[in-house]
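Numbering (the numbering used here), first residue to last: 1218 to 1415.
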């Protein structure tokens, strides 16, 4: 008789805007190619070079609202005029098959996942932190792509997100991308209880 498949683990990576989540995650994915990365759904228009199902699942607002009303999103948020969310079904399917799953989402979404029936209590929440608040401000301002009002709004949001760090199970400090990615890999492969990885 075959051995029953053990449930995979759900990892949630979050942190303030500008901390480098996507950059660190790209390196983690190259180091852990078998880790399944959840693709978010969005109502925003596809940008040049993006691939549906790879960058995002691009859906209509009607379809997105249906996913919300039927409870098929683990988390969702409205940002800059568009909806973003994590489809629940593929995450549950991968976990049931014994695969580990990684979500990269905003702090607000991480809180929703923590509350998600059947999945949230077992999820491992990882906070990606900047080396300092000053460094985060430098990164946000240094992009040079936004006007002053937008930068101020991002800074205010980032301060609120930084205050959420104690809600997470682990913290990885993004002093440099390679070290942060190695810290994440260590957590995913070892999943030690509460820690702060420098």
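The beta-carbon is built from N, C-alpha and C at its ideal position, and this holds for glycine as well.
* Along the beta strand (DSSP E) that carries residue 1231, what are the first and last residues, could you check? => Looking at the DSSP string, the run of the beta strand (DSSP E) that includes residue 1231 is 1227-1231.
* For residue 1227 and residue 1308, believed in contact at Cβ under 8 angstroms, the rounded distance -> Rounded, the Cβ-Cβ distance is 7 angstroms, consistent with contact.
* Asked: Which residue comes first and which comes last in the alpha helix (DSSP H) that contains residue 1496?
  -> Because residue 1496 is not part of the residues shown, which for the chain are 1218 to 1415, the question remains open.
* **Residues sharing a beta bridge with residue 1299, DSSP** => 1296, per the DSSP bridge assignment.
* To do: Confirm, please, whether the CB-CB distance from residue 1389 to residue 1343 is below 9 angstroms.
  => Yes. Within cutoff.
* Counting only the same chain and skipping the five closest in sequence on each side, list residues whose C-beta sits under 6 angstroms from that of residue 1236. => These residues qualify, in order along the chain: 1345, 1347 and 1391.
* To do: Kindly list the residues whose CB is nearer than 8 angstroms to the CB of residue 1271, restricted to its own chain and excluding five residues on each side of it in sequence; keep chain order.
  => The answer, listed in chain order, is 1256.
* **Three-way DSSP call (helix, strand, coil) for residue 1385 in this model** => Here residue 1385 sits in coil by DSSP.
* Hey, how far is the Cα of residue 1356 from the Cα of residue 1249? -> Cα to Cα, residue 1356 sits roughly 27 angstroms from residue 1249.
* Is the beta carbon of residue 1302 sitting closer than 9 angstroms to the one on residue 1319? -> No, the Cβ-Cβ distance between residue 1302 and residue 1319 is not below 9 angstroms.
* Asked: By the 10 Å Cβ neighbour count, where 16 or more other Cβ atoms means buried, how is residue 1268 classified, buried or exposed?
  -> The Cβ neighbour count for residue 1268, taken over all protein chains shown within 10 Å, is under 16; the residue is labelled exposed.
* Spatial distance of residue 1410 from residue 1386 (CA atoms) -> Annotation note: pLDDT 46 at residue 1410 (below 50); position unreliable, no value reported.
* For residue 1322, does the three-state DSSP call read helix, strand or coil? -> Coil, per DSSP.
* Asked: Which value, in whole angstroms, describes the spacing of the CA atoms of residue 1402 and residue 1241?
  -> Between the alpha carbons of residue 1402 and residue 1241 lies a gap of roughly 11 angstroms.
* Asked: To the nearest angstrom, how far is it from the Cα of residue 1292 to the Cα of residue 1260?
  -> Each residue's alpha carbon lies about 14 angstroms from the other.
* Is the Cβ-Cβ distance between residue 1232 and residue 1324 less than 9 angstroms? -> In this structure, residue 1324 lies closer than 9 angstroms to residue 1232 by Cβ.
* Opposite residue 1269 in the DSSP bridges: which residues? -> 1273, per the DSSP bridge assignment.
* Asked: Excluding the five sequence neighbours on either side, which residues of its own chain have a C-beta within less than 6 angstroms of the C-beta of residue 1258, listed in chain order?
  -> Hits under 6 angstroms: 1274, 1276, 1302 and 1304.
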